[in-house]
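Note that the protein sequences, when read in sequence, are chains A and B. For the first sequence, the numbering used here gives the first residue as 17, with consecutive numbering after it. For the second sequence, the numbering used here gives the first residue as 17, with consecutive numbering after it. A virtual CB, placed ideally from N, CA and C, is assigned to each residue, including glycine.
2 protein chains.
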Amino acid sequence: MATLAQRVRGGERRAAARLMRLLDDGVSAGFDALRELYPDTGRARIVGVTGSPGSGKSTLVDQLVRVWRDRGLTVGVVAIDPTSPFSGGAILGDRIRMRQHEADDGVFVRSLATRGNLGGLSRSTRDVVAVMDAMGMDRIVIETVGVGQDEVDIVGTAHTSLVVLVPGMGDDIQAIKAGILEIADIFVLNKADHEGVDRAEREIRAMIELGGDLDGWKPPIVRTIASSGEGVLNLADAVDDHLRWLDETGRFEDRVRRARVHHVRQALRDRFERRLDRAITEQTGIAGLIDAAASGEQDPYSVADAVLAELSVG
Amino acid sequence: MATLAQRVRGGERRAAARLMRLLDDGVSAGFDALRELYPDTGRARIVGVTGSPGSGKSTLVDQLVRVWRDRGLTVGVVAIDPTSPFSGGAILGDRIRMRQHEADDGVFVRSLATRGNLGGLSRSTRDVVAVMDAMGMDRIVIETVGVGQDEVDIVGTAHTSLVVLVPGMGDDIQAIKAGILEIADIFVLNKADHEGVDRAEREIRAMIELGGDLDGWKPPIVRTIASSGEGVLNLADAVDDHLRWLDETGRFEDRVRRARVHHVRQALRDRFERRLDRAITEQTGIAGLIDAAASGEQDPYSVADAVLAELSVG
Numbered sequence: 017m018a019t020l021a022q023r024v025r026g027g028e029r030r031a032a033a034r035l036m037r038l039l040d041d042g043v044s045a046g047f048d049a050l051r052e053l054y055p056d057t058g059r060a061r062i063v064g065v066t067g068s069p070g071s072g073k074s075t076l077v078d079q080l081v082r083v084w085r086d087r088g089l090t091v092g093v094v095a096i097d098p099t100s101p102f103s104g105g106a107i108l109g110d111r112i113r114m115r116q117h118e119a120d121d122g123v124f125v126r127s128l129a130t131r132g133n134l135g136g137l138s139r140s141t142r143d144v145v146a147v148m149d150a151m152g153m154d155r156i157v158i159e160t161v162g163v164g165q166d167e168v169d170i171v172g173t174a175h176t177s178l179v180v181l182v183p184g185m186g187d188d189i190q191a192i193k194a195g196i197l198e199i200a201d202i203f204v205l206n207k208a209d210h211e212g213v214d215r216a217e218r219e220i221r222a223m224i225e226l227g228g229d230l231d232g233w234k235p236p237i238v239r240t241i242a243s244s245g246e247g248v249l250n251l252a253d254a255v256d257d258h259l260r261w262l263d264e265t266g267r268f269e270d271r272v273r274r275a276r277v278h279h280v281r282q283a284l285r286d287r288f289e290r291r292l293d294r295a296i297t298e299q300t301g302i303a304g305l306i307d308a309a310a311s312g313e314q315d316p317y318s319v320a321d322a323v324l325a326e327l328s329v330g
Numbered sequence: 017m018a019t020l021a022q023r024v025r026g027g028e029r030r031a032a033a034r035l036m037r038l039l040d041d042g043v044s045a046g047f048d049a050l051r052e053l054y055p056d057t058g059r060a061r062i063v064g065v066t067g068s069p070g071s072g073k074s075t076l077v078d079q080l081v082r083v084w085r086d087r088g089l090t091v092g093v094v095a096i097d098p099t100s101p102f103s104g105g106a107i108l109g110d111r112i113r114m115r116q117h118e119a120d121d122g123v124f125v126r127s128l129a130t131r132g133n134l135g136g137l138s139r140s141t142r143d144v145v146a147v148m149d150a151m152g153m154d155r156i157v158i159e160t161v162g163v164g165q166d167e168v169d170i171v172g173t174a175h176t177s178l179v180v181l182v183p184g185m186g187d188d189i190q191a192i193k194a195g196i197l198e199i200a201d202i203f204v205l206n207k208a209d210h211e212g213v214d215r216a217e218r219e220i221r222a223m224i225e226l227g228g229d230l231d232g233w234k235p236p237i238v239r240t241i242a243s244s245g246e247g248v249l250n251l252a253d254a255v256d257d258h259l260r261w262l263d264e265t266g267r268f269e270d271r272v273r274r275a276r277v278h279h280v281r282q283a284l285r286d287r288f289e290r291r292l293d294r295a296i297t298e299q300t301g302i303a304g305l306i307d308a309a310a311s312g313e314q315d316p317y318s319v320a321d322a323v324l325a326e327l328s329v330g
């Protein structure tokens, strides 16, 4: 009998899906398998895609997946969906997006919900990416609504980050550029058949110029019409160009190292939170301290110090 | 000589600003003062305001501040601004927003930047709110672009949460409702003179109906035109209604308790991160483990376990 890790390494989709479920549920067998698989990671090229709601990101990603499949590459997609409290959000989205690739073993799609899971988002994303990497996916796309710092950070740990903008954003470009500009390796100007596309390109170019020649890579602006597929071949080429540039300048290794350190910190945060949750449930002393804070009897800072001392992480 | 905490308690603006700076810089004297001030907190009513970029939130908050000032209330405003990497964002915004209230001792505005400060956002916000509370502000507004989970969580810890929407959002309403619907105590339909206002109200009402009668409070929809001030008196009344409802049903104490527990958890996370940063700098064993992860020699999960074990010993 092959172990779960071995089956994932062999590219078995059902084993990968099972492992992701175990990780979601926080089952320790899942983390053991992930640890066993870690040496098999590092081969995939990871592409982050972010943009505001309505920018056509998802359609664009679907088109990119098609181009990569045509070029003989396997593709994993991690779609980070804000969950609607009423529709069941991510799970539904997962099913819909899976359907069109159902017959294609070269594509693996996974949606993650962000709701009520502060911090957990980064952890799950990194773990899911690691599983897809270990199962042999050539390209992995992390797609997110790039508006929160958490989401921006995740996309920023990809090897190549795309920021999707659309014409006529007006003031919104001011809000969007916050934090996102720094991570953009490629700007995608989607809905390029809409009015105001030239002005939008000028605005983006002005932002790029202001940012200076970061690292020696000047982010290109690629126009696309995701709904018809126009420009998507160019976009795939631009991604290849950037990946090649990373390789040739030795920056690829830098990005991988940085992502690994982020991963450790995330794993540490996660372990700390789980330990804390367990302590609150199991250690009456700690539960009592939290109660004292809840009632206002003690201030939160003193309680945090006392809890930390109890946990002996102080 | 009065201590810093005493001066803040006396309502001294310069002392409050100084304390906020100390907290920003992580100076321990700041945390000592905050601890000393904690018994003086809990009197302010905290109002969260969130909405997408371009919804007119800031103008609306300025109008609300005016109404409250007219009613003899003092007001603190914590504005969470996405920082532009080029303009220096928050600090600039702070100065501009301060200017119009410069002569008014009853208003204290503080802008916080979100950039590159994952997790730190919640901490700073809570601490700044605590300082404003201790200095005697009657109302404290937390204003944020409510798109990331982190931002939503912060607004959700307010006593009364306003969600600002505008007509003609189309598909965006789908994205906006994620996570935000649950926290809305009052919906503000701003730019109510724009086309599509009736349709937007119907959509919001449909969402509210779907959500059921949460807790016995049905969120009202208040139309406003922030630019002219129309509807803002109604909005201030709706906020009062909600605060009264919280008091009368005993839910106010529930919200306060919940916020205090959040505050403890945030303080714990923050301490853990600082402890970790210190350990990476000062303990060669831990730095070595992180290096082993960065080079790919060891997997991040094992390294996280090992670092946590080291931290517990140390």
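- Near chain A, meaning a CB-to-CB distance below 8 Å, no residue of the region 75 to 87 of chain B qualifies.
- Beta-bridge analysis with DSSP links VAL91 (chain A) to A:VAL123 and A:ARG155.
- Its chain contains THR57 and ALA60 as the residues whose beta carbon lies nearer than 6 Å to that of ASP149 (chain B), once the 5 sequence neighbours on both sides are disregarded; these appear in chain order.
- Pairing GLU159 (chain A) with VAL93 (chain A) gives a Cβ-Cβ distance under 8 Å.
- Under the 8 Å criterion on CB atoms, HIS279 (chain A) is classed as interfacial with respect to chain B.
- Of all residues in the region 40 to 55 of chain A, only PHE47, LEU50, ARG51, TYR54 and PRO55 place a beta-carbon less than 8 Å from a beta-carbon of chain B.
- Residue burial is scored here from C-beta neighbours: PRO55 (chain B) has fewer than 16 other C-beta atoms within 10 angstroms and is therefore classed as exposed.
- When secondary structure is reduced to three states using DSSP, GLY304 (chain A) falls in the helix class.
- Straight across, the Cα-Cα distance linking ARG239 (chain B) with SER71 (chain A) is about 28 Å.
- If you check the CB distance, MET151 (chain A) and ALA32 (chain A) come in under 8 Å.
- Under DSSP, the beta-bridge partners assigned to LEU128 (chain B) are B:ILE96.
- In this chain, SER177 (chain A) is not harboured by any alpha helix (DSSP H); it is covered by the beta strand (DSSP E) spanning 176 to 181.
- Under the DSSP definition of a beta bridge, GLU246 (chain A) partners with A:ILE241.
- Nearest CB-CB separation between ARG34 (chain B) and chain A: not below the 8 Å threshold.
- When rounded, the separation of the alpha-carbon atoms in GLU264 (chain A) and GLY26 (chain A) is 30 Å.
- Note on VAL145 (chain B): 16 or more other CB atoms within 10 angstroms of its CB, so buried under the neighbour-count rule.
- Your pair ASP143 (chain B) and LEU226 (chain B) does not check out as a contact, with CB atoms roughly 37 Å apart and the cut at 8 Å.
- A residue is called buried when at least 16 other Cβ atoms come within 10 angstroms of its Cβ; HIS258 (chain B) meets this threshold and is buried.
- Residues of chain B with a Cβ closer than 8 Å to the Cβ of ILE158 (chain A) do not exist, since the nearest Cβ in that chain sits about 16 Å away.
- Around the Cβ of LYS234 (chain A), a 10 Å sphere holds fewer than 16 other Cβ atoms; the residue is exposed.
- For the set B:GLY184, B:HIS175 and B:VAL81, the Cα lying nearest the Cα of ARG271 (chain B) is the one of B:HIS175.
- Per DSSP, the unbroken alpha helix (DSSP H) holding ILE296 (chain A) starts and ends at 267 to 298.
- Remark: three or more beta-carbon pairs, one from each stretch, lie closer than 8 Å, so the region 73 to 91 of chain A and the region 238 to 255 of chain A are flagged as touching.
- At a beta-carbon threshold of 7 Å, none of the residues of chain A lie near ASP201 (chain B); the nearest stands roughly 15 Å away.
- LEU50 (chain B) and HIS278 (chain B) have their C-alpha atoms roughly 17 Å apart.
- In this structure, VAL204 (chain B) lies away from VAL171 (chain B), with their beta-carbon atoms at least 8 Å apart.
- Separation of ARG267 (chain A) and ALA310 (chain B) (C-alpha to C-alpha, rounded to the nearest whole angstrom) is 14 Å.
- Counted as a single uninterrupted DSSP element, the beta strand (DSSP E) harbouring ARG61 (chain B) occupies residues 61 to 67.
- Cβ-Cβ distances below 6 Å link ALA95 (chain B) to SER127 and GLU159 in the same chain, with the five nearest sequence neighbours on each side left out; the list follows chain order.
- By the neighbour-count criterion, in which 16 or more other beta carbons inside 10 Å mark a residue as buried, ALA275 (chain B) falls on the buried side.
- Taking 8 Å as the cut-off, the Cβ atoms of GLU326 (chain B) and GLY301 (chain B) count as close.
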